[in-house]
Amino acid sequence: YSDKIHEYDIVNNKWKTLEIKMPQRIENYGCTPVMNGRYVLLLGGTSGAWKKDDIWIYSVIDKQFRKSSLKCPMKGQYQAFTIDGDNEKNMLLVDGFARREWKLLEI
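Mapping to the numbering used here: the sequence shown position 72 is 72, numbers consecutive.
Written out as structure tokens, the structure is:
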């Protein structure tokens, strides 16, 4: 596992390593963009023998992480997805979480 974050530039077809680091060294976490790609949710994961239930919100614009006050239902590995091209369904998937969390974090 690593705390590095890599960003892909589709125009120049190149990867770069960002200066910001992951909030924790984790693997096997769910990761999905939300809010039209403005944020990325990181869900659960593992760190060695430790299982996590944390939810982290990464702002693509501000390049900052915020820890959610909400937790995953169980500690451990997660997979996450968005439904490509269907913003209405994606909002239904994350709306209960996002509505409360965005308000708490003043996003």
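Quick reminder that beta carbons are idealized off the backbone N, C-alpha and C, glycines included.
Check whether residue i and residue j have beta carbons under 8 Å apart
i, j, result
"GLY30", "ALA80", "yes"
"SER47", "ARG25", "yes"
Start-to-end residues for the beta strand (DSSP E) that takes in residue i
i, result
"THR17", "14-17"
"ASP9", "6-9"
"SER47", "39-47"
"PRO23", "Unbroken run through PRO23: none, as it is neither H nor E."
"PRO33", "30-34"
"PHE65", "64-71"
"SER59", "50-59"
Sequence-distant residues of its chain with Cβ nearer than 7 Å to residue i (five each side left out)
i, result
"CYS72", "LEU43, GLY44, ASP53, ILE55, TYR78"
Own chain, CB closer than 8 Å to residue i, minus 5 neighbours either side, in chain order
i, result
"TRP15", "HIS6, GLU7, TYR8, ASP9"
"GLN64", "ILE20, TYR58"
"ILE61", "ARG38"
Proximal residues to residue i (C-beta, below 6 Å), its chain only, five neighbours per side dropped
i, result
"LEU18", "ILE5, GLU7"
"ASN28", "GLY45, THR46, GLN77"
Per the contact definition of three or more C-beta pairs closer than 8 Å, is the region 1-14 in contact with the region 49-57? no
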